[in-house]
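Residue numbers (this note's numbering): 303 to 457.
Written below as structure tokens is the structure these notes are about.
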């Protein structure tokens, strides 16, 4: 983990606007989530925009002993077809603050360089999030998410 962020990227064989349409539809997030933790969202098929608020019901993880919980999200960055980011909170704002960010850059070949970033610089639990295998587990889930995004837009 470099500083407070983990970033992964891959080239996806689809235009940026197609990928962005999936990212901006919170109701579709469970379909391409590579971590296996997003159960469902409250914003089914509602396009997100700057300031949008939506919730994600998260599955618990046996290996971390977490029970199911809900994350509340606010879109804090929005540049159509280029960048979208939301900041998470839970339990009335006592927990969370991490930012999930996606950036898309078209390539000359008509593909898109997609980057996902996990930014814990504003998270209240930053010291805890650095412990154990969580950063590595998060990075693995992010890579799987980009792979699933690529599969979704290709199919």
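All C-beta atoms, glycine included, are put in the ideal place defined by N, C-alpha and C.
Using only the alpha-carbon positions, how far apart do residue 468 and residue 456 sit? Not covered by the structure: residue 468. The range shown for the chain is 303 to 457.
If you count every other CB in all the chains shown that lies within 10 Å of the CB of residue 310, and 16 or more means buried, which is it? Within the chain shown, residue 310 is the residue found at index 8, counting from 1. With 16 or more Cβ atoms within 10 Å of its Cβ, residue 310 is classed as buried.
Best match in 413, 416, 358, 420 for proximity to residue 393 [C-alpha to C-alpha]: Numbered from 1 along the chain shown, position 91 holds the residue referred to as residue 393. It is 358.
Rounded to the nearest angstrom, what separates residue 419 and residue 319 at their Cα positions? The count along the chain shown starts at 1 and reaches residue 419 at position 117. The count along the chain shown starts at 1 and reaches residue 319 at position 17. Straight-line Cα distance between these residues: approximately 19 Å.
Can you tell which of 410, 413, 373 has the C-alpha that lies nearest to the C-alpha of residue 400? For this step, residue 400 is matched to residue 98 along the chain shown. Of the listed residues, the one whose Cα sits closest to residue 400 is 373.
How big is the Cα-Cα spacing for residue 403 and residue 387? On the chain shown, residue 403 is found 101 positions in, with the first residue counted as 1. On the chain shown, residue 387 is found 85 positions in, with the first residue counted as 1. Each residue's Cα considered, the two are about 4 Å apart.
Between the alpha carbons of residue 436 and residue 409, how many angstroms are there, rounded? If you number the chain shown from 1, residue 436 lands on position 134. If you number the chain shown from 1, residue 409 lands on position 107. Going by the C-alpha atoms only, they are around 32 Å apart.
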